[in-house]
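Beneath this line is the structure, given in structure tokens, with notes to follow.
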Amino acid sequence: MTAISQSVERSVETPIGRMVMTSDGESLTGLCLEHWWWRASDARCGSGSCGEGRGSAENVFDLTRRWLDEYFAGHDPGFTPPLNPQGSAFRREVWAVVAEIPYGQTMSYGEIAAELAERRGGRRMAAQAVGGAVKHNPITIIVPCHRVVGAGRSFGGYGGRLDVKAALLEHEGVDLTRFDLPES
561 MTAISQSVER
571 SVETPIGRMV
581 MTSDGESLTG
591 LCLEHWWWRA
601 SDARCGSGSC
611 GEGRGSAENV
621 FDLTRRWLDE
631 YFAGHDPGFT
641 PPLNPQGSAF
651 RREVWAVVAE
661 IPYGQTMSYG
671 EIAAELAERR
681 GGRRMAAQAV
691 GGAVKHNPIT
701 IIVPCHRVVG
711 AGRSFGGYGG
721 RLDVKAALLE
731 HEGVDLTRFD
741 LPES
């Protein structure tokens, strides 16, 4: 099967707001809240639909909607839609580690850097580099960058919406009192 050459975009309503899904026709390439910072500069689709949205892309969107429904109902979806996040090899490595963080648990940027260093045979890596890759995760929630926190009591960042990060972690049962949360 040949992937469609143009990205297809659809939106889905969730308890945290309208999210935008993008697909290359075979896999999910993006999932974020409608007004997050990277959406403004997204040249693939802008703010509306693009492409025809036939066939496999609609299947990917149906799977993603089902995954989100299960997640927000408080269940482990038990599956992952096909994913194809676009980024450098380093970013994809970071996102692969982030995708392994279990529901209801967190991992620090430094812990991810240490895990990547171990997987690479001991080559040291900076937590700041990991933070840059996490910041550019195009498939939020499914690749759970909200589960990445700073060292100690630091909450870390999240797509410009720390209230959403807090809501997602609370939804998963994470004790937020262990963090110094920023003032609203």
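Going letter by letter, the sequence shown gives residues 561 to 744 in the working numbering.
Using N, Cα and C, we set each Cβ at its ideal position, and we do this for glycine too.
All values reported here derive from a predicted model rather than from experimental measurement.
Endpoints, the alpha helix (DSSP H) within which residue i is located
i, result
"Ser616", "616-632"
"Gly767", "The first residue shown for the chain is 561 and the last is 744, placing residue 767 beyond what the model contains."
"Leu729", "722-731"
"Arg652", "649-659"
"Val690", "687-695"
Assigned exposure category for residue i - 16 Cβ within 10 Å defines buried
i, result
"Pro662", "exposed"
"Ile575", "It is Pro, not Ile, that sits at residue 575 in the sequence shown. Exposed, because fewer than 16 other Cβ atoms sit within 10 Å of the Cβ of Pro575."
"Glu660", "exposed"
"Asp629", "exposed"
"Arg680", "exposed"
"Glu612", "With a pLDDT of 45 at Glu612, under the threshold of 50, the predicted position of this residue should be treated as unreliable, though the coordinate-derived value follows. Glu612 comes out exposed."
"Phe621", "buried"
"Ala693", "buried"
"Arg651", "buried"
"Arg721", "buried"
"Pro704", "buried"
"Pro645", "buried"
Residue i - containing beta strand (DSSP E), residue span
i, result
"Glu569", "568-574"
"Gly712", "From DSSP, Gly712 is part of no beta strand (DSSP E); its letter is neither H nor E."
"Cys592", "588-593"
Same chain, Cβ closer than 8 angstroms to residue i, five either side skipped, listed in chain order
i, result
"Leu729", "Thr666, His706, Arg707, Leu736"
"Asp636", "Glu630, Tyr663"
"Pro755", "Lying before the first or after the last residue shown, residue 755 is absent from the chain, which here runs from 561 to 744."
Residues near residue i by beta carbon distance below 7 angstroms, same chain, minus five either side
i, result
"Glu732", "Tyr663, Gly664"
"Glu653", "Leu676"
"Lys695", "Gly717"
Own chain, CB closer than 6 angstroms to residue i, minus 5 neighbours either side, in chain order
i, result
"Phe739", "Arg713, Phe715"
"Thr700", "Leu591, Cys592"
"Lys725", "His706, Tyr718"
"Val690", "Val654, Tyr669, Ile672, Ala673"
"Arg684", "Ala677"
"Arg570", "Met581, Phe621"
Beta-ladder partner(s) of residue i, from DSSP
i, result
"Val580", "Ser571, Cys592"
"Ile702", "Its beta-bridge partners do not exist; DSSP assigns none."
"Asp740", "Ser714"
Short CB-CB distance (under 8 angstroms) between residue i and chain C
i, result
"His635", "Of the chains in the structure shown, none is chain C; there is only one protein chain."
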